[in-house]
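**Q**
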């Protein structure tokens, strides 16, 4: 089976990249609904607007079974903790977190920053 690559955005300068992971509940029906919630047709515009408003240039989520991996690209001067604190205050963000929590293995009332675990890069194609 041939797989296709994913096109990535090109930027005029360097970007900072964050990679995070999270587990979903092991329930195929809930995973299907989680995928649907993130589809172009069902994604809440206020959430997309908030992500952009805090300075996130690109955000991608990949899935394998119940494991999610999120890749976030930002400007080099982006401050993660400050941006996540601001994002939590933007319109419908708290409502969105409550909505998607039903699919995620997380504590009730957890914020996005508490759910997603930051990953550490351990390899790249060295110069």
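Numbering (the working numbering), first residue to last: 444 to 570.
Beta carbons are placed, not taken as given, at the ideal position from N, Cα and C, and that holds for glycine.
Pull up the distance between the alpha-carbon of residue 456 and that of residue 518, whole angstroms please.
**A** Cα to Cα, the separation comes out at about 9 Å.
**Q** What are the boundary residues of the alpha helix (DSSP H) that includes residue 564?
**A** First-last for residue 564: undefined, no H or E at that position.
**Q** Please go through the same chain and pick out, in chain order, the residues whose beta-carbon is closer than 6 Å to the beta-carbon of residue 459, but skip the five residues on each side of it.
**A** Closer than 6 Å at the Cβ level, and outside the excluded window around residue 459, lie 517, 519 and 521.
**Q** Enumerate in chain order the residues of its own chain whose CB-to-CB distance from residue 499 is below 7 Å, with the five nearest sequence positions on each side excluded.
**A** Cβ within range, chain order: 515 and 517.
**Q** Which residue marks the beginning of the beta strand (DSSP E) containing residue 515, and which one marks its end?
**A** Residues 510 to 517.
**Q** Are residue 502 and residue 463 close, meaning C-beta to C-beta below 7 Å?
**A** No, they are not a contact pair.
**Q** Closer than 6 Å by C-beta to residue 474: which residues in its own chain qualify, once you throw out the five before and the five after it? Chain order, please.
**A** So the qualifying residues of the chain are 467.
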